[in-house]
Each structure stands twice: as C-alpha cells, then as structure tokens.
Amino acid sequence: MKKIVFPILVLLISLNTFSQSKKDKIKALKVSFLTERLELTQEEAQEFWPVYNAYDDITSKIKFEDLRSIRREIKNNITSLSDKRASELLAEIATAENKLHVEDLKLNIKLKKIISSKKILLLKIAEEDFKKKLFEQWKKRRHNGKRP
Numbered sequence: 001m002k003k004i005v006f007p008i009l010v011l012l013i014s015l016n017t018f019s020q021s022k023k024d025k026i027k028a029l030k031v032s033f034l035t036e037r038l039e040l041t042q043e044e045a046q047e048f049w050p051v052y053n054a055y056d057d058i059t060s061k062i063k064f065e066d067l068r069s070i071r072r073e074i075k076n077n078i079t080s081l082s083d084k085r086a087s088e089l090l091a092e093i094a095t096a097e098n099k100l101h102v103e104d105l106k107l108n109i110k111l112k113k114i115i116s117s118k119k120i121l122l123l124k125i126a127e128e129d130f131k132k133k134l135f136e137q138w139k140k141r142r143h144n145g146k147r148p
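Below you can see the structure in the form of structure tokens.
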C-alpha cells in the first residue's frame, strides 16, 4: 500500500491545478505524507494538526521572512559589507536560528501530550524525507526543462 501511495503523491505534486497555489499543494502533500508516515489515529490527528500547523506557520515566517532577507542582503552585498555590518548579520542569523530552536523545543513539549516520543522522532525523520523527495522532484522538473 505504501509503495502505491507515494507515487500517487509524486504525481499529484507534478499536476498543475488552478484552484490551489503551489504552497497550498505542497502543504496538502506534506499533511498526507506525515499522516501516513506517523500512522496517526483519528484522535491523534485531530490534536496533532492544529499544534503542528501553528508551529509550521511560526517557523516558516522565521525562515522565509527573517532568514531570507538576511541571506539576500549577504548575497547581494558580500563584497561591500563592512565588518560591522557582517557582525550584525551574524547576530541576526543567530537570533533567528535560536527562535527556530525554541519553537522546536515548544513543539516537542506540546506533542509529548498528544503522541509518543517515538512518533515525535518519526516526525523528524519524515519531515526530512519529505524535504528530500520535494527537492528531488524539483531537480527532476528543472532537469526536464520545466519550471519548478
């Protein structure tokens, strides 16, 4: 069954539908992927997803707003950055990474009340697996000359 579900998920990610943005499609695939990998019961899923979605919203904001703007400034200005500004940027990166770490700790505490510690570890592995598979799909589409 699992061997059938993943190819279907991969097919879904490659389809272009007009009703959902790419971000929404990816999020839906992630929900399906994680639910299957964690083998969440209906009761677990009802409690898990609001907690996980809140965590994902916060960490996405940190990654895509805070860190992205810092990295963009570094990339665009690396040759002209003063040591003082470089030091400030390093401090900003450390602050953002610390925020991410704090959110990870909070998530673990909240999830321990909902699912087992083993499932929390499975979640971490499944998140990495999902990122890898998403990246592989992106590379494959890019290699085939299609826009990601």
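Position 107, counted from 1, in the sequence shown is what this note's numbering calls 107; the numbers after and before it change by one each time, with no gaps.
Using N, Cα and C, we set each Cβ at its ideal position, and we do this for glycine too.
As the crow flies, the alpha-carbon of Ile58 is around 8 Å from that of Glu103.
Each residue's CA atom was taken as its position, placing His101 and Thr95 some 10 Å apart.
A residue is called buried when at least 16 other Cβ atoms come within 10 angstroms of its Cβ; Ile115 meets this threshold and is buried. Under the 8 Å Cβ criterion, the segment 53 to 67 does not count as touching the segment 34 to 42, having fewer than three qualifying pairs.
The way I'd put it, the segment 74 to 83 doesn't touch the segment 131 to 139; fewer than three beta-carbon pairs between them come closer than 8 Å. Annotation for Ser87: the continuous alpha helix (DSSP H) segment containing it runs Asp83 to Leu111. Remark: fewer than three beta-carbon pairs, one from each stretch, lie closer than 8 Å, so the segment 61 to 71 and the segment 30 to 38 are not flagged as touching. Within the same chain, Cβ atoms closer than 6 Å to the Cβ of Ala126 are found at Leu34 and Arg37, the five residues on either side in sequence being excluded.
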